[in-house]
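Engineer:
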């Protein structure tokens with residue numbers, strides 16, 4: 002797959018990476034060996050910076066996978082803060098619960114099992130931060146649900162908005178055409194939404210940041 006950055010640029014940035022958390026390293030290795038998509042390290046670092054800056058008390062994650070970004074967010078939350086994370090895959094839920102137990106952060110993490118379209122309408126909280134990293138075909142509808150759950154002044158973070166670079170390319174492999182069209186349509190909606198001040202940053206696979214202003 003094409004990368005957003007060229008190899009020399011990526012190699013240069015990689016030298017600054019520091020990761021001393023054994024569990025995080027194990028999860029990265031497991032994800033790579035089993036072809037499980039998780040947030041790349043640069044996007045993860047930036048997401049952590051947003052958590053440190055905004056100090057959210059209530060976070061919602063849509064798409065737990067194995068709990069990688071869940072744990073990276075949870076370990077930076079202040080006392081009495083929490084993250085709700087939604088996952089529909091039974092296999093992923095089992096892995097995520099195991100990793101959450103190992104992280105010793107279970108008191109900050111609520112794993113909500115089920116389809117996000119079933120879970121989100123039942124949530125009654127207002128969130129300070131929402132992180133969306135789910136099926137690309139569902140981004141548009143999941144975003145509309147997120148708008149209702151995010152407080153004014155809250156932050157929404159959305160991964161994969163450049164989608165391996167295909168969102169900005171005229172040549173898209175057949176297996177990515179449908180998902181790319183969904184991403185391109187969603188980007189128009191996201192960037193033009195009147196309730197948000199939004200930007201798409203060329204970090205990782207394209208990270209969308211939106212602040213709810215209305």
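Numbering (my numbering), first residue to last: 2 to 215.
Think of the CB as a built atom: it goes at the ideal place given N, C-alpha and C, for glycine as much as any other residue.
Go through its chain and collect everything with a Cβ distance to residue 3's Cβ below 7 Å, but skip five positions before and after it.
Structural biologist: For residue 3, the pLDDT reaches just 48, beneath the cut-off of 50, and the residue's location in the model is therefore unreliable, leaving the point undetermined.
Engineer: Report back the beta-carbon spacing between residue 72 and residue 106 to the nearest angstrom; my notes put them in contact at under 8 Å.
Structural biologist: Rounded, the Cβ-Cβ distance is 6 Å, consistent with contact.
Engineer: When you compare only the Cα positions, how much space is there between residue 173 and residue 162?
Structural biologist: If I take the Cα positions, the gap works out to 15 Å.
Engineer: Which value, in whole angstroms, describes the spacing of the CA atoms of residue 122 and residue 148?
Structural biologist: Their Cα atoms are separated by approximately 12 Å.
Engineer: Since residue 110 sits in a beta bridge, which residues does DSSP pair it with?
Structural biologist: Paired residues: 84.
Engineer: Compute the beta-carbon to beta-carbon distance between residue 111 and residue 24, rounded to the nearest angstrom, for a pair I have assumed lies under 8 Å.
Structural biologist: Between residue 24 and residue 111 the Cβ distance is about 19 Å, and since that is not below 8 Å, they are no contact.
Engineer: Within the same chain, show all residues whose beta-carbon is closer than 6 Å to that of residue 126, passing over the 5 residues directly before and after it, in chain order.
Structural biologist: These residues qualify, in order along the chain: 59.
Engineer: Decide if the segment 48 to 63 is in contact with the segment 75 to 86; the criterion is three or more beta carbon pairs, one per stretch, under 8 Å apart.
Structural biologist: Counting Cβ pairs under 8 Å, three or more are found: they touch.
Engineer: Can you give me the C-alpha to C-alpha distance between residue 213 and residue 145, rounded to a whole angstrom?
Structural biologist: C-alpha separation (whole angstroms): 12 Å.
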